[in-house]
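Trainee: Here the sequence shown stands for residues 1 to 501, numbered as in the numbering used here.
Even glycine gets a Cβ: it sits at the ideal position worked out from N, Cα and C.
Since the model is a prediction, treat every value here as computed from it, not as a measurement.
The structure is given below, and queries will be raised subsequently.
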Amino acid sequence: MPRAKRSGLRTCSRTHPSVTATCSASPRPPEVPPVVDTLRLTAEQALRLVERREITPAELHGAYLEAIEARNPELHAYLRVVEQPEGTSIPIAFKDVISTEGIETTAGSRILEGYVPPFDATAAARCKAAGLTLLGKTNTDEFAMGSSTEQSAYGPTRNPWDPSRVPGGSGGGTAAAVSAGLAPWGLGSDTGGSIKQPSALCGNVGLRPTYGTVSRYGVVAFASSLDQVGPVARTVRDCALLTTIIAGVDPLDSTTVAHPEPLVLPSAERLDGLRIGVPREIDGLAIEPGVRARFDEALALAESLGAKVDACDLPLAFEYGMACYYLIAPAEASSNLARYDGVRYGRRSPGATYRESVERTRDDGFGPEPKRRIMLGAYALSAGYYDAYYGQAQKVRTLLVREHRAALDRYDVIATPTSPTVAFEFGAKAADPLAMYACDVLTIPSCLAGLPGLNVPCGLSEGLPVGLQLIGPQFGENTLFRAGHALEQALGLDLVPERLR
């Protein structure tokens with residue numbers, strides 16, 4: 001695997017010339033006890049091993065480094081790996097939009113090539129304070145803009161269940177790493193589904209927390225009113241545990257709020273009294289038959305566990321959610337990405353004048369998807385179109401918030417499939433942006449409403465994972481954890497990719 005010159009770091013990108021080097025023999029990790037099976041080890045189990053001193057943090061880190069050495073060349077889940085652990089607990093992976101002091105953070109873009117943050121993002125700092133050791137930075141669609149991780153400037157990530165298929169996006173690197181046993185858990189970011197959708201396609205549990213409960217400080221911004229950091233893990237309990245570590249008010253992020261109740265690890269195995277609403281509108285969406293079958297089976301299982309399942313109505317969410325999102329998110333992106341000029345940090349292209357240098361830097365540094373969204377956003381914000389597009393989208397967003405609130409006054413959770421399809425083959429949607437955007441049709445509405453959403457694997461279709469999306473009210477994470485854990489235990493799925501068993 002290629003190595004970076006920086007002490008303790010290896011760079012794993014295979015496609016970009018600036019980060020490709022001759023593979024050299026790396027120092028062998030510490031001796032690893034045979035008890036460690038990274039493909040099946042949960043974060044909670046790993047913590048117990050460390051607490052009981054059955055394994056040291058360095059040995060556990062070494063076990064994952066060996067797994068990365070074996071599987072990352074095929075999957076390309078990691079962009080760079082940290083070889084020397086600094087912590088007293090278990091390892092974790094970070095999506096490469098989360099700033100890490102002294103470790104390159106590129107957001108999957110050439111324009112941030114070589115950028116080494118002088119500080120940690122708050123979420124990263126809280127993981128460090130908890131003793132977690134950083135395994136590395138995982139691949140992402142450029143600036144978290146995508147649904148397949150095909151848009152990374154450093155090459156695509158492959159799905160551990162079938163390397164000819166995408167892992168989802170934008171956080172496909174973290175999802176693939178957890179699924180393939182290259183990390184016990186990880187942090188991602190979710191704007192319109194970038195935690196939930198790849199978790200569904202890779203067979204992980206993924207949580208998008210209530211907007212504002214996890215600090216965005218130090219996270220490379222896409223759309224500030226939508227971005228949210230959250231966990232990706234093997235189990236619901238692992239997700240809950242990592243959420244307790246990263247959540248909380250941060251004076252460096254004025255949008256953060258405190259949970260009104262403590263987050264707890266779920267233990268319930270029944271769903272007695274839980275009211276689940278299923279939007280009627282999903283019947284009109286292009287959901288694959290196998291995905292719908294697994295979803296319906298999960299609902300039947302929930303009923304057998306004591307839940308009451310009934311139809312609910314979210315007509316505005318599914319009629320206008322996509323259009324609303326693709327006005328608001330690009331508008332915010334066009335503002336956030338204006339800061340990348342090559343002067344303050346990142347890549348810089350030469351030019352005869354300052355203006356020419358900035359133009360060339362942005363033209364050379366941004367890939368096609370960020371350029372597309374910058375143009376869409378700038379148009380929506382331009383004079384003469386602001387009220388007709390961006391202004392209208394914000395009004396619709398308010399209606400979506402009210403619609404979700406009304407539905408969640410009647411139901412404890414709303415359930416849908418997470419993705420309308422299983423993982424698709426590389427290139428299947430790359431040439432059609434609208435088809436790619438439609439991958440998030442089920443996850444976008446609740447993101448616009450700022451609500452928590454949990455993906456729980458609910459079976460296989462065509463040998464590939466299917467995800468169940470559970471949406472809760474604001475600060476409803478504990479309800480989601482309870483429901484997700486009970487279903488997870490009742491389903492009893494083996495979520496190790498069959499080809500890796």
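1) Answer yes if the region 317-330 comes into contact with the region 441-452, meaning at least three C-beta pairs across the two stretches below 8 Å, and no otherwise.
2) When you compare only the Cα positions, how much space is there between residue 417 and residue 409?
3) On a Cα-Cα basis, can you pick out the residue from 458, 256, 175, 411 that is closest to residue 473?
4) Any idea what DSSP makes of residue 136, helix, strand or coil?
5) Would you mind reading off the limits of the beta strand (DSSP E) that contains residue 456?
6) Please report the straight-line C-alpha distance between residue 207 and residue 356, rounded to a whole angstrom.
7) In terms of residues, what are the limits of the alpha helix (DSSP H) holding residue 327?
8) For residue 159, does the three-state DSSP call read helix, strand or coil?
9) Thinking C-alpha only, which one of 73, 49, 181 is nearest residue 38?
10) Would you mind stating whether residue 301 and residue 483 have Cβ atoms separated by less than 8 Å?
11) Let me make sure I understand the geometry here. Which of 287, 298, 376, 286 has the alpha-carbon closest to that of residue 271?
12) Assuming contact is defined by CB atoms lying nearer than 8 Å, are residue 170 and residue 138 in contact in what I supplied?
13) Between residue 506 and residue 386, what straight-line distance do the alpha-carbon atoms span, to the nearest angstrom?
14) Indicate the three-state DSSP secondary structure (helix, strand or coil) for residue 438 in the structure shown.
15) Rounded C-beta distance between residue 98 and residue 219? I'm assuming under 8 Å.
16) Is residue 282 helix, strand or coil when you go by DSSP?
17) Residues in the same chain with beta-carbon distance under 6 Å from residue 67, minus the five sequence neighbours each way, listed in chain order, please.
18) Would you report the Cα separation of residue 24 and residue 76, rounded to the nearest angstrom?
19) So is residue 51 buried or exposed if we call it buried at 16+ other beta carbons inside 10 Å?
20) Starting from the Cα of residue 422, find the closest Cα among 406, 458, 152 and give me that residue.
21) Determine the burial state of residue 229: buried for a count of at least 16 other Cβ atoms within 10 Å of its Cβ, exposed for fewer.
22) Hey, how far is the Cα of residue 233 from the Cα of residue 251?
23) Return helix, strand or coil for residue 75, following the three-state DSSP convention.
24) By Cβ distance below 7 Å, which residues in the same chain neighbour residue 349 in space, the five residues on each side in sequence not counted?
25) For a quick check, are the C-beta atoms of residue 11 and residue 80 less than 8 Å apart?
26) Please determine, among 269, 245, 477, the residue with the shortest C-alpha to C-alpha distance to residue 122.
27) At 4 residues or longer, and completely inside the region 345-385: list those alpha helix (DSSP H) runs for me, N to C.
28) With a 10 Å radius around its C-beta and 16 neighbouring C-beta atoms as the bar for buried, classify residue 193 as buried or exposed.
29) Going along the chain, which residues of its own chain have a beta-carbon closer than 8 Å to the beta-carbon of residue 278, five neighbours each way excluded?
30) What is the DSSP secondary structure of residue 402, reduced to helix, strand or coil?
31) In three-state terms, what does DSSP make of residue 189?
32) Residue 198 to residue 429, Cα distance in whole Å?
33) Using the three-state DSSP reduction, which class does residue 200 fall into: helix, strand or coil?
34) When you compare only the Cα positions, how much space is there between residue 326 and residue 209?
35) How about residue 189 and residue 144: do their beta carbons lie closer than 8 Å?
36) Tell me the rounded alpha-carbon separation between residue 62 and residue 215.
Mentor: According to the structure data:
1) yes
2) On the sequence shown, residue 417 is found 417 positions in, with the first residue counted as 1. On the sequence shown, residue 409 is found 409 positions in, with the first residue counted as 1. If you take the alpha carbons of residue 417 and residue 409, they lie about 21 Å apart.
3) In the sequence shown, residue 473 corresponds to position 473, counting from 1. Checking every option, the nearest Cα to that of residue 473 belongs to 411.
4) Reading the sequence shown from its first residue, position 136 is the one you call residue 136. Three-state DSSP puts residue 136 in a strand.
5) Here residue 456 refers to the residue found at position 456 when the sequence shown is read from its first residue. Unbroken beta strand (DSSP E) run through residue 456: 453-461.
6) Along the sequence shown, one-based indexing puts residue 207 at 207. Along the sequence shown, one-based indexing puts residue 356 at 356. About 43 Å.
7) Walking along the sequence shown from the start, residue 327 turns up at place 327. Unbroken alpha helix (DSSP H) run through residue 327: 315-336.
8) Numbered from 1 along the sequence shown, position 159 holds the residue referred to as residue 159. The answer is strand: DSSP assigns residue 159 an E or B state.
9) Residue 38 sits at position 38 when you count from the first residue of the sequence shown. Looking at the Cα atoms, 181 is the closest of the given residues.
10) The residue you call residue 301 lines up with position 301 of the sequence shown. The residue you call residue 483 lines up with position 483 of the sequence shown. Cβ distance not < 8 Å, so residue 301 and residue 483 don't count as in contact.
11) In the sequence shown, residue 271 corresponds to position 271, counting from 1. Of the candidates 287, 298, 376, 286, the one whose C-alpha sits nearest the C-alpha of residue 271 is 298.
12) Working through the sequence shown from its first residue, we reach residue 170 at position 170. Working through the sequence shown from its first residue, we reach residue 138 at position 138. No; because the gap between Cβ atoms is not below 8 Å, this pair is not in contact.
13) No statement about residue 506 is possible, as the shown extent of the chain runs from 1 to 501 and does not include it.
14) In the sequence shown, counting from the first residue as 1, residue 438 sits at position 438. Reduced to three states, the DSSP call for residue 438 is helix.
15) Along the sequence shown, one-based indexing puts residue 98 at 98. Along the sequence shown, one-based indexing puts residue 219 at 219. 6 Å between Cβ atoms; contact.
16) Reading the sequence shown from its first residue, position 282 is the one you call residue 282. Helix.
17) Taking the first residue of the sequence shown as position 1, residue 67 is located at position 67. Closer than 6 Å at the Cβ level, and outside the excluded window around residue 67, lie 38, 181, 182.
18) Counting from one through the sequence shown, the residue named residue 24 turns up at place 24. Counting from one through the sequence shown, the residue named residue 76 turns up at place 76. The pLDDT assigned to residue 24 is 30, lower than 50, so where the model puts this residue is not dependable; a value taken from the coordinates is nonetheless given after this. C-alpha separation (whole angstroms): 18 Å.
19) If you number the sequence shown from 1, residue 51 lands on position 51. Burial call: exposed.
20) Within the sequence shown, numbered from 1, the residue matching residue 422 stands at position 422. Selected option, being the one with the closest Cα: 458.
21) Taking the first residue of the sequence shown as position 1, residue 229 is located at position 229. The residue in question, residue 229, is buried, as its Cβ has 16 or more Cβ neighbours within 10 Å.
22) Counting from 1 along the sequence shown, the entry for residue 233 is found at position 233. Counting from 1 along the sequence shown, the entry for residue 251 is found at position 251. C-alpha separation (whole angstroms): 28 Å.
23) Within the sequence shown, residue 75 is the residue found at index 75, counting from 1. Looking at residue 75 - three-state DSSP - the assignment turns out to be helix.
24) Locating residue 349 in the sequence shown gives position 349, where the first residue counts as 1. Counting only Cβ-Cβ distances below 7 Å, and skipping sequence neighbours, we find 342, 357, 360, 361, 364.
25) Taking the first residue of the sequence shown as 1, we reach residue 11 at position 11. Taking the first residue of the sequence shown as 1, we reach residue 80 at position 80. It is a contact, given that the beta carbons lie within the stated cut-off.
26) Walking along the sequence shown from the start, residue 122 turns up at place 122. If we check each option's Cα against that of residue 122, 245 comes out closest.
27) 354-365, 368-381
28) Reading the sequence shown from its first residue, position 193 is the one you call residue 193. The residue is buried, with at least 16 neighbouring Cβ atoms inside 10 Å.
29) Here residue 278 is taken as the residue at index 278 of the sequence shown, counted from 1. So the list reads 299, 309, 310, 311, 312, 414, 415, 416, once near-sequence residues are dropped.
30) Residue mapping note: residue 402 aligns to position 402 of the sequence shown, counting from 1. In this structure, residue 402 counts as helix in the three-state DSSP scheme.
31) What you label residue 189 is simply residue 189 of the sequence shown in a count that begins at 1. Of the three classes helix, strand and coil, the one that applies to residue 189 here is strand, per DSSP.
32) The residue you call residue 198 lines up with position 198 of the sequence shown. The residue you call residue 429 lines up with position 429 of the sequence shown. The straight-line gap from Cα to Cα measures roughly 15 Å.
33) Your numbering for residue 200 matches position 200 in the sequence shown. Helix, per DSSP.
34) Sequence index remark: in the sequence shown, residue 326 carries index 326 (1-based). Sequence index remark: in the sequence shown, residue 209 carries index 209 (1-based). Looking at the two C-alpha atoms, the distance is approximately 21 Å.
35) Your numbering for residue 189 matches position 189 in the sequence shown. Your numbering for residue 144 matches position 144 in the sequence shown. Taking 8 Å as the Cβ cut-off, residue 189 and residue 144 qualify as a contacting pair.
36) One-based indexing of the sequence shown puts residue 62 at position 62. One-based indexing of the sequence shown puts residue 215 at position 215. Answer to the nearest angstrom: the Cα atoms are 30 Å apart.
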